[in-house]
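See below for the structure under consideration.
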Amino acid sequence: MKQLEAQIAQALSQALQDTFQHAFPAEQINLQPTRKEFAGTFTFVTFPFTKALGKGPEQIGQALGDSLVQHAPQVAGYNVVKGFLNIEIKDSVWLQLFAEQVSQFGADLAKTGQKQKVVVEYSSPNTNKPLHLGHLRNNFLGYSVAEILKAAGNDVVKANLVNDRGIHICKSMIAYEKFGQGETPESAGIKGDHLVGKYYVEFDKAYKAEIDQLVAQGVDKEQAKKQAPLMLEAQEMLQKWEQGDSETIALWQKMNGWVYDGFNATYTNIGVDFDKFYYESNTYLLGKDRVDEGLAKGVFFKKPDGSVWVDLTEEGLDEKLLLRADGTSVYITQDLGTAELKYEDFGYDQSLYVVADEQNYHFQVLKAVLKKLQKPYADGIVHLSYGMVDLPSGKMKSREGTVVDADELVQEMIDTARQKTDELGKIDGFTPEEAQQLYHTLAMGALKYFLLKVDPKKRMLFNPEESIEFHGNTGPFVQYTHARIAAIQRKAAEMGIQSETSAFEGVTDLHETEREVLVLLNYAEATIADAARNFAPSIIAQYAFDMAKAYNRFYTEVPIFQETNAQKLSFRIALSRQVAQTIKRMMGLLGIAVPERM
RNA sequence: GGCCCCGUAGUUUAAUGGAUAAAAUAGAAGUUUCCUAAACUUUAGAUAUGGGUUCGAUUCCCGUCGGGGCCA
Numbered sequence: 024m025k026q027l028e029a030q031i032a033q034a035l036s037q038a039l040q041d042t043f044q045h046a047f048p049a050e051q052i053n054l055q056p057t058r059k060e061f062a063g064t065f066t067f068v069t070f071p072f073t074k075a076l077g078k079g080p081e082q083i084g085q086a087l088g089d090s091l092v093q094h095a096p097q098v099a100g101y102n103v104v105k106g107f108l109n110i111e112i113k114d115s116v117w118l119q120l121f122a123e124q125v126s127q128f129g130a131d132l133a134k135t136g137q138k139q140k141v142v143v144e145y146s147s148p149n150t151n152k153p154l155h156l157g158h159l160r161n162n163f164l165g166y167s168v169a170e171i172l173k174a175a176g177n178d179v180v181k182a183n184l185v186n187d188r189g190i191h192i193c194k195s196m197i198a199y200e201k202f203g204q205g206e207t208p209e210s211a212g213i214k215g216d217h218l219v220g221k222y223y224v225e226f227d228k229a230y231k232a233e234i235d236q237l238v239a240q241g242v243d244k245e246q247a248k249k250q251a252p253l254m255l256e257a258q259e260m261l262q263k264w265e266q267g268d269s270e271t272i273a274l275w276q277k278m279n280g281w282v283y284d285g286f287n288a289t290y291t292n293i294g295v296d297f298d299k300f301y302y303e304s305n306t307y308l309l310g311k312d313r314v315d316e317g318l319a320k321g322v323f324f325k326k327p328d329g330s331v332w333v334d335l336t337e338e339g340l341d342e343k344l345l346l347r348a349d350g351t352s353v354y355i356t357q358d359l360g361t362a363e364l365k366y367e368d369f370g371y372d373q374s375l376y377v378v379a380d381e382q383n384y385h386f387q388v389l390k391a392v393l394k395k396l397q398k399p400y401a402d403g404i405v406h407l408s409y410g411m412v413d414l415p416s417g418k419m420k421s422r423e424g425t426v427v428d429a430d431e432l433v434q435e436m437i438d439t440a441r442q443k444t445d446e447l448g449k450i451d452g453f454t455p456e457e458a459q460q461l462y463h464t465l466a467m468g469a470l471k472y473f474l475l476k477v478d479p480k481k482r483m484l485f486n487p488e489e490s491i492e493f494h495g496n497t498g499p500f501v502q503y504t505h506a507r508i509a510a511i512q513r514k515a516a517e518m519g520i521q522s523e524t525s526a527f528e529g530v531t532d533l534h535e536t537e538r539e540v541l542v543l544l545n546y547a548e549a550t551i552a553d554a555a556r557n558f559a560p561s562i563i564a565q566y567a568f569d570m571a572k573a574y575n576r577f578y579t580e581v582p583i584f585q586e587t588n589a590q591k592l593s594f595r596i597a598l599s600r601q602v603a604q605t606i607k608r609m610m611g612l613l614g615i616a617v618p619e620r621m
């Protein structure tokens, strides 16, 4: 497609020269897709040339169109509407491009420019509570962006920085010690991450009760929060942990172990994976070296109380604290450390952080500080900032119990998938295992597609009812299209229909719906490149939907097996297969599987 | 208080400065002796507001109103 576009641009450049003696390089010629209501594939806008050429926009369009038809062998015709020159491409060109695509499918989707080493950090959970809806957007985005970058030819490492230490873990630990009575995930029959989360909630309840009691005794609320015995215990435990107290460490390891088992089960269930795990318990002390480095280089400064700061006012930011007066780290300190660690580990060109947009400022600071330190990797730091997920009731708030639990949500989706599938009764021959597999495939397809079809940068609304919808712009709609084609392929195989390129060489003209599908197929590579450049799985989702829609239109308008011309029949089988493979590939980039039957 | 982001059909989302603003869903009306109707077709419906730049603005700039976030 890129080639064809370049050829047309070249021809236009030539036509401008020949017809108007106007030199205009082909590289600067911008073609846009023609709107559906007009004939043509590419549109060239002539308005910007009226001044230079001293002619009206229609006149220019006509003249260029005539020239193209005469000199450009790919062009079948043209039409001019106001300042828009719509260029129609010959069917033979589409068929030729299609034949090439069939013979080299998959091979050339991946060649888009420079191969880069990219680290994609995502998920990065806290170990004091299970994953929720917000994490799902994060996980799906991170996984998908990593896969898209791979498909675009990059060398990608998926990393997960687990926040496994700090006061919040100690809260769960304290509560478990007090109320746990030796409970384990096995004895309680609760998934490990949920069990630990339960104690985090227990802590909060008991802590609040203590505060209320203190306030009732006349203590100021802020004071009460600090004085509450449970809080003091938690802080004490954090200190013990930092000192390496063996009992504390043992409990911490035991409970974190439960959480990891739980997380791993969820990760497997939702189909995300990681190449490298980092743990904050190992990295939280890193970064102090960077602070020293900055002081030595004179880009950081010390205040009289001993705290270390960086002045980012020139960068349009504020002064930022890097190390407290007592020498302890703040968040940004360890991020400086882990950025360096990742660079030592992988020597990345780009380091992506899939983190919600509430941390936009934080990442601006991180990058600015690394630049001040003149780190070679500073420019490669990218905050893949995504918008938060809202519910119809508003923002998710743990305090108000409106947080949507990831495991529960996935289970509900599976139940709905089962119910809807059973209602239709199309999978009678399935074994129970196959049926189970299908429910899972459909459930994850619906959920992932719903969360990925929106531009990552934008805040989005999660409507539980719409997310499990199977009609319209949804994952299951695309999956259904794939299953339909799979049925076609089975029948074609049974009938022994040939579908290699030699079987349809004689086809010369196309049905309108076939042409639409062919044009779309040719955009596959460019779409992946575009999605990679923008870190936007939504572009892939949109493409997959358009493809499915175009195919379904073809499917209803052109009854494939009623075709009596053997060449055309073969072509339609090949076209269908190509669409199925493209859908499978694109959905795969979103982390979504496609079924053979549904 | 300072800084940042967002306002598009009833609803959820699209639109490198280009055409009559595109889909989905909800609404209305249709399509199955024929490959999966979880599909397809038709229909009605929107750029918060006031200016500016431009041949042309949902897009860029300024003001107003509304929503969200970050920094203490």
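Basically our numbering = 1-based index in the first sequence + 23. In this text, a Cβ means the ideal position worked out from N, Cα and C, and glycines have one as well. Just so it is clear, the structure is predicted and the values come from calculations on it, not from any experiment.
- The continuous beta strand (DSSP E) containing residue 111 extends over residues 107-112.
- The DSSP-derived three-state label of residue 268 is coil.
- Nearest in C-alpha terms to residue 114, of all of 533, 556 and 60, is 533.
- Measuring C-alpha to C-alpha distances from residue 598 to each of 585, 314 and 511 identifies 511 as the nearest.
- The C-alpha of residue 293 is placed about 17 Å away from the C-alpha of residue 144.
- In the DSSP assignment, residue 140 falls within the unbroken beta strand (DSSP E) covering 140-144.
- Excluding residues up to 5 positions away in sequence, 486 lie with their Cβ nearer than 6 Å to the Cβ of residue 415 in the same chain.
- Scanning its chain for C-beta atoms nearer than 6 Å, with the 5 sequence neighbours on each side dropped, one finds around residue 222 the residues 195, 198 and 199, in chain order.
- In the DSSP assignment, residue 47 falls outside any alpha helix (DSSP H), carrying neither H nor E.
- Going by beta carbons, residue 502 and residue 465 fall inside the 9 Å limit.
- The stretch 136-206 is shown to contain whole alpha helix (DSSP H) runs of 4 or more residues at 156-174 and 190-202, in chain order.
- Secondary structure note for residue 494: it is in no alpha helix (DSSP H), with a DSSP letter that is neither H nor E.
- Here residue 373 is actually not in contact with residue 40; their C-beta atoms are around 40 Å apart, not less than 8 Å.
- The distance from the Cβ of residue 43 to that of residue 91 is about 14 Å, inconsistent with a contact at the 8 Å cut-off.
- Close CB contacts of residue 371 within its chain, under the 7 Å cut and outside five residues either way in sequence, are with 140, 141, 142, 365, 400 and 403 (chain order).
- In the DSSP assignment, residue 565 falls outside any beta strand (DSSP E) and within the unbroken alpha helix (DSSP H) covering 560-580.
- Between residue 574 and residue 550, the C-beta gap is not smaller than 9 Å, which leaves the two residues out of contact.
- Residue 590: member of the alpha helix (DSSP H) spanning 589-612, first to last residue.
- Residue 455: member of the alpha helix (DSSP H) spanning 455-475, first to last residue.
- Taking the CA atoms as reference points, residue 38 sits about 10 Å from residue 31.
- CA-to-CA, the gap between residue 325 and residue 376 works out to about 29 Å.
- Residue burial is scored here from C-beta neighbours: residue 232 has fewer than 16 other C-beta atoms within 10 angstroms and is therefore classed as exposed.
- DSSP places residue 617 in the coil class of the three-state scheme, outside both helix and strand.
- In this structure residue 618 is in contact with residue 461, their Cβ atoms being roughly 6 Å apart against a cut-off of 8 Å.
- Here residue 61 carries a coil assignment [DSSP, helix/strand/coil].
- Sequence-distant Cβ neighbours of residue 303 in its own chain, meaning closer than 8 Å and more than five residues away, are 184, 185, 186, 187, 188, 189 and 357.
- Contact between residue 111 and residue 99 holds, with the beta-carbon distance rounding to 5 Å and staying under 8 Å.
- Under the DSSP assignment, residue 369 falls in the alpha helix (DSSP H) whose first and last residues are 354-369.
- Distance between residue 591 and residue 122, taken at the CA atoms: about 14 Å.
- Between residue 538 and residue 300, the alpha-carbon positions lie close to 47 Å from each other.
- Here the C-alpha atom of residue 69 lies approximately 10 Å from the C-alpha atom of residue 104.
- For residue 379, the enclosing beta strand (DSSP E) stretches over residues 373-379.
- Nearest neighbour of residue 595 by Cα position, chosen from 610, 611 and 536, turns out to be 536.
- Shown here, residue 230 sits in a helix according to DSSP, grouped into three states.
- 9 Å or more divides the Cβ of residue 425 from the Cβ of residue 621.
- In the displayed model, residue 211 falls within a helix according to three-state DSSP.
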